[in-house]
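Here's the structure we're looking at; comments come further down.
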Amino acid sequence: RHLNLARRDVSPIGEYTVLVLRIVDKNGVAPFHSFDDLHRLTFDTQDVSVHSQYLACSWGQLSLTPAGGIGVLDVVVESDSTTVDDSKLTLEAETEAKKLLGI
Numbered sequence: 104r105h106l107n108l109a110r111r112d113v114s115p116i117g118e119y120t121v122l123v124l125r126i127v128d129k130n131g132v133a134p135f136h137s138f139d140d141l142h143r144l145t146f147d148t149q150d151v152s153v154h155s156q157y158l159a160c161s162w163g164q165l166s167l168t169p170a171g172g173i174g175v176l177d178v179v180v181e182s183d184s185t186t187v188d189d190s191k192l193t194l195e196a197e198t199e200a201k202k203l204l205g206i
């Protein structure tokens with residue numbers, strides 16, 4: 104699967120807590136990017152990342168904080184990623200993440 108950084112409507116000011124879901128299907132198929140890659144691509148402050156770009160584009164007024172200090176969660180779903188569409192995988196992953204986090 105590709106790295107999907109879907110745009111959300113956010114205020115241009117403040118600090119947002121972010122959780123990236125790394126979806127692994129029932130066959131163990133996972134994204135090309137590792138857990139550590141996703142953390143670095145999202146939150147790195149020394150290189151280009153989603154966080155650094157939001158910070159730069161907002162003139163330092165919008166920052167992203169990793170949820171739970173880590174910000175990435177591996178979520179195993181019961182679907183086969185080769186036979187279902189991304190929206191179903193995303194919904195299933197969100198449901199599973201909520202169960203794992205107790206919310």
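Per the numbering used here, the very first residue in the sequence shown carries number 104; after that it's consecutive.
All C-beta atoms, glycine included, are put in the ideal place defined by N, C-alpha and C.
Just so we're clear, the structure is a prediction, and the values are computed from it rather than from any experiment.
Three-state secondary structure (DSSP) at residue i?
i	result
Gly163	coil
Val132	coil
Thr148	coil
Val153	helix
Glu195	helix
His105	Caution applies to His105, whose pLDDT of 40 falls short of 50 and renders its modelled position unreliable; the model cannot decide the point.
Ser184	coil
Buried or exposed: where does residue i fall if 16 or more other Cβ atoms within 10 Å of its Cβ makes it buried?
i	result
Thr145	buried
Val132	exposed
Leu192	buried
Ile206	exposed
Excluding the 5 residues flanking residue i on each side, which residues of the same chain have their C-beta closer than 8 angstroms to its C-beta?
i	result
Ile116	Ser161, Gln164 and Leu165
Please go through the same chain and pick out, in chain order, the residues whose beta-carbon is closer than 7 angstroms to the beta-carbon of residue i, but skip the five residues on each side of it.
i	result
Asp128	Val180, Ser182, Asp183 and Ser184
May I ask you to list the residues that DSSP assigns as paired with residue i?
i	result
Leu124	Leu176
Tyr119	Leu167
What does a CB cutoff of less than 6 angstroms around residue i pick up in its chain, not counting 5 residues either side in sequence?
i	result
Arg104	Reliability fails at Arg104, whose pLDDT of 40 lies under 50, so the model's placement of it is uncertain and the value that follows must be treated cautiously. Excluding residues within five positions, the ones whose Cβ falls inside 6 angstroms are Pro134.
Check whether the segment 153-167 touches the segment 184-202, counting contact only when three or more Cβ pairs, one atom from each stretch, lie closer than 8 angstroms.
-> no
Spell out a yes or no on whether the segment 134-154 and the segment 195-206 are touching, meaning 3 or more CB-CB pairs, one atom from each, closer than 8 angstroms.
-> no
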